[in-house]
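Structure first, then comments.
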Amino acid sequence: MPYVLFCVIVLLDQLVKFLVSSNMQLGESIRVLGSFFCLTYVLNPGAAFGIFENAQIFFIGAGLCILVAFAAFHKALRREPAIFYYGSLSLVAGTVGNLIDRIHTGLVIDYFDFRVWPVFNIADVAIVTGVILMICSMLRNPQEEA
């Protein structure tokens, strides 16, 4: 099940990015729910909110470090509560989705546009969801100090 979830997140993210980049012009916006929600094709050279613009080597390095850490600690993560493990899996899947973009083009394809928040993608949702799940797990199951 964990590997299926990982693959679904990465493949869905890449599929939507492919469809957006193949069928929309850069900067084009399609209204989905009036002016509340649109699909808008943008290329993000930075991280959340466009911070650290054009720091591609940093982002690729950070993404690779996350992958290496996940692989190194995977056995230990499997023994953590399910909410923490699946949170870490979601975080890594989102990281892979955006890492693919960064390695391929140096930019991340974003498309979800709620007009009151910066445009984002499925990988970003996976990363944020993963971090939230991990924090919730830590708050619910704090480890006793030795």
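Per our numbering, the sequence shown starts with residue 2, numbered consecutively.
C-beta: ideal position from N, C-alpha, C; glycine also.
query, result
"Of the residues V97, G107, R116, which one's Cα is nearest the Cα of I123?", "V97"
"Relative to the C-alpha of F59, which candidate in V120, M135, R103 has its C-alpha closest?", "R103"
"Who are the Cβ neighbours of D14 in its own chain at under 6 Å, not counting the five residues just before and after it?", "G98, I123, A124"
"Can you tell me which of the three DSSP states R116 falls into?", "coil"
"Looking at the secondary structure, which residues open and close the beta strand (DSSP E) in which S30 lies?", "30-34"
"With burial defined as no fewer than 16 other Cβ atoms inside 10 Å of the residue's Cβ, what is the status of M135: buried or exposed?", "buried"
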